[in-house]
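Quick notes on the structure that follows.
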Amino acid sequence: MALQLKHVTKRFGDFTAVDDLTLTVEKGMMYGFLGANGAGKTTTFRMILGLLNANEGQITWNGKTIAYSTSPEIGYLPEERGLYPKMKVEEQLIFLGELRGMSKADAKKAIGYWLERFEVPQYTSKKVEELSKGNQQKIQVIAALMHDPKLLILDEPFSGLDPVNVEMLKKAILDFRNKGATILFSSHRMDHVEELCEQLSIMHHGKQIVSGSLREVKRSFGRQNVRIRSDYELAG
Ligand code: ATP
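In full-length UniProt numbering, the protein residues as written are 1 to 236.
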């Protein structure tokens with residue numbers, strides 16, 4: 001078992017953002033969190049990473065608690081993108097790679113590979129602020145991937161990307177997964193989750209309303225006739 005959440009609850013004051021969440025993500029699995037704004041996806045990720053403390057419950061990755069800042073095997077694409085606008089792309093990525101435990105030489109090699117792969121090699125010495133929002137997003141994705149994490153957490157990785165770039169990123173995520181990484185990602189959109197994930201949780205107002213394989217989720221939705229939003233209506 002790779003990642004385990006047991007009865008995890010997070011409250012902000014008297015507001016419960018995540019309510020008694022239990023799930024297991026096996027090693028090498030791609031796991032999707034689907035939910036509308038405010039469903040509790042980001043809060044869940046931040047608790048998994050140790051960036052927020054849960055009020056109740058336990059979270060373990062291979063039996064231990066994660067501390068993102070000191071765990072080089074974790075990669076994280078935060079929802080609030082956090083690049084330094086005045087820094088050059090390569091400098092920025094070397095800095096972030098070093099924070100994840102990479103040597104400068106390894107970081108440069110990985111950066112070259114990913115910039116090429118995301119079709120933006122010409123931006124190495126551009127300042128981040130000179131790039132479009134979509135290209136900044138690619139840089140932030142590279143920061144999450146470049147050190148070859150074993151657990152990759154991507155918060156809304158496709159938001160703000162055009163369809164061509166969505167496809168490019170999906171392919172990169174799938175290749176990554178084929179190398180054995182465990183991947184969690186969140187989305188508002190069923191089609192992204194459906195295409196990429198073996199297992200998923202649908203969250204709504206902090207509660208996991210259904211979870212399991214895509215087939216199980218579809219069956220459960222059919223049985224309960226749960227229609228939280230048109231986004232989640234499942235074909236078949
Ligand atoms: P989105 O797609 O909008 O990011 P989400 O599913 O990721 O949605 P969260 O960001 O986890 O949702 O937020 C869940 C709820 O918790 C929201 O109602 C949000 O306003 C609230 N919340 C999150 N962080 C805090 C905080 N630090 N203090 C108070 N409330 C918070």
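All residues carry an ideal CB built from backbone N, CA and C; glycine is no exception.
**Alpha-carbon to alpha-carbon, Pro85 and Glu233** = Only weak support exists for where Glu233 lies, its pLDDT of 48 falling under 50; the value from the coordinates is given anyway. Going by the C-alpha atoms only, they are around 39 Å apart.
**Reduced DSSP category for Phe15 - H, G, I as helix; E, B as strand; rest coil** = strand
**Asked** Buried or exposed: which applies to Phe118, given that a residue is buried once 16 or more other Cβ atoms fall within 10 Å of its Cβ?
**Response** buried
**Asked** Tell me which same chain residues have a C-beta within less than 6 Å of the C-beta of Thr43, skipping the five on either side of it?
**Response** Lys10, Ala17 and Val18
**Prompt:** Name the DSSP beta bridge partners of Met190, please?
**Reply:** Looking at the DSSP assignment, Met190 forms no beta bridge with any residue, so it has no partner.
**Prompt:** Is Ser201 near Leu23, with beta carbons less than 8 Å apart?
**Reply:** yes
**Request:** Buried or exposed for Asn215, please, with buried defined as at least 16 other CB atoms from any protein chain shown within 10 angstroms of its CB.
**Result:** It is Arg, not Asn, that sits at residue 215 in the sequence shown. Classification of Arg215: exposed, given that the 10 Å Cβ count is below 16.
**Asked** Taking DSSP as the reference, what is the three-state secondary structure of Lys207?
**Response** strand
**Asked** What are the boundary residues of the beta strand (DSSP E) that includes Leu154?
**Response** Leu151 to Leu154
**Prompt:** Taking C-beta to C-beta, are Val128 and Gln92 nearer than 8 Å?
**Reply:** yes
**Prompt:** Looking at Phe12 and the ligand ATP, is the gap between the Cβ and the nearest heavy atom below 7 Å?
**Reply:** yes
**Prompt:** Between which two residues does the beta strand (DSSP E) carrying Phe33 extend?
**Reply:** Met30 to Gly35
**Asked** Anyone know if the C-beta pair for Glu156 and Ser187 falls short of 8 Å?
**Response** yes
**Request:** Return the CA-CA distance between Phe176 and Glu80, expressed in angstroms with no decimal places.
**Result:** 23 Å
**Spatial distance of Ser125 from Cys197 (CA atoms)** = 35 Å
**Message:** So, does the segment 127-147 touch the segment 90-107, judging by three or more C-beta pairs under 8 Å?
**Reply:** yes
**Request:** Can you check the segment 110-175 for any beta strand (DSSP E) of at least 3 residues that lies completely inside it and give the ranges in chain order?
**Result:** 151-154
**Asked** Is the beta carbon of Gly160 within less than 7 Å of some heavy atom of the ligand ATP?
**Response** no
**Item:** Cβ pair Gly194, Lys170 closer than 8 Å
**Value:** Per the sequence shown, residue 194 should be read as Glu rather than Gly. Against a cut-off of 8 Å, the Cβ pair of Lys170 and Glu194 comes out as no contact.
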